[in-house]
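Notes follow the structure.
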Ligand SMILES: Cc1cc2nc3c(=O)[nH]c(=O)nc-3n(C[C@H](O)[C@H](O)[C@H](O)COP(=O)(O)O)c2cc1C
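Rendered as structure tokens:
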């Protein structure tokens, strides 16, 4: 790999951000195709490729998804004590209605049969594989000059009902994609003093846990 290629990869890794504010400008189908092809080239346990992508651009369906996310956001506030609950409720945690496109990324645990190589030991490796595909989408959208937000605030059955997803399929993520004029230079949760990046050196052990 050339130095330029190497730098390009690290650049996109460090530049990529979770975004929750979008412009209404449409995205060309060719770009969406490239992003989904990048997703489809992610690693997966036993090469099971457990993902599907439901592309939602209908305002009506996006409004219903936004309702499911808003309901969950309100419900989750009970986990925090007074001041933190107020801070939590002030956070913008999704941009579903703003973004021109929402992609529901799903996981089919039955794909590849009951003995997918490697999945017998750790069943959740199917969901982990889908997360790898989503990270590829995140990097690809960033390289395309697009913004992407991962929304996980919802009850899975609400999303199943709205998108007519069968009961055995897991709706892993609602992904908002669009252009933005507010691409953050650091994580939004860091900017609003919710959480900060830990020192990687403190997370690395040598030989055994804690050392
Ligand atoms: C599995 C997963 C679920 C997430 N769910 C949400 C979410 O529901 N709402 C939201 O605003 N951000 C969500 N995020 C984005 C994180 O808040 C974000 O990645 C983190 O704050 C670090 O910021 P960065 O992605 O810009 O580096 C999620 C991220 C991951 C990996």
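In full-length UniProt numbering, the protein residues as written are 1 to 211.
The beta-carbon is built from N, C-alpha and C at its ideal position, and this holds for glycine as well.
Computed from a predicted structure; not experimentally measured.
In DSSP terms, what residue i is bridged to
i: residue 53; result: 105
i: residue 137; result: Paired residue(s): none; residue 137 is not in a bridge.
i: residue 187; result: Residue 187 is not bridged to any residue.
i: residue 170; result: 107
i: residue 210; result: Looking at the DSSP assignment, residue 210 forms no beta bridge with any residue, so it has no partner.
i: residue 148; result: 18 and 177
Own chain partners of residue i with C-beta closer than 7 Å, once the 5 adjacent residues on each side are dropped
i: residue 23; result: 178, 179, 180 and 181
i: residue 89; result: 77
Cutoff 8 Å; reference residue i; Cβ partners in own chain excluding five residues on either side
i: residue 162; result: 61, 64, 65 and 68
i: residue 175; result: 102, 103, 104, 105, 134, 137, 148, 149, 150 and 151
i: residue 31; result: 144 and 146
Neighbourhood of residue i by C-beta distance below 6 Å, restricted to the same chain and skipping five residues each side
i: residue 35; result: 137, 140 and 141
i: residue 158; result: 68
Output the residues surrounding ligand 1, defined as those with a CB atom closer than 5 Å to any ligand heavy atom, in chain order.
Going along the chain, the residues that qualify are 17, 18, 93, 150, 151, 152, 153, 187 and 189.
Length-filtered (4 minimum) alpha helix (DSSP H) runs lying within the region 74 to 115
Residue ranges of uninterrupted alpha helix (DSSP H) with 4 or more members, entirely inside the region 74 to 115 and ordered along the chain, are 82 to 90.
Would you list, in sequence order, the uninterrupted alpha helix (DSSP H) runs of no fewer than 4 residues that lie entirely inside the region 6 to 51?
Runs found: 29 to 40.
Looking at C-beta atoms only, is the number of pairs between the region 77 to 95 and the region 148 to 165 that lie closer than 8 Å three or more?
Look at the beta carbons and you see the region 77 to 95 touching the region 148 to 165: at least three pairs across the two are nearer than 8 Å.
Mind the definition here: the region 120 to 130 touches the region 35 to 51 only if three or more C-beta pairs lie below 8 Å; say whether that holds.
Because the criterion of three Cβ pairs below 8 Å is met, the region 120 to 130 and the region 35 to 51 touch.
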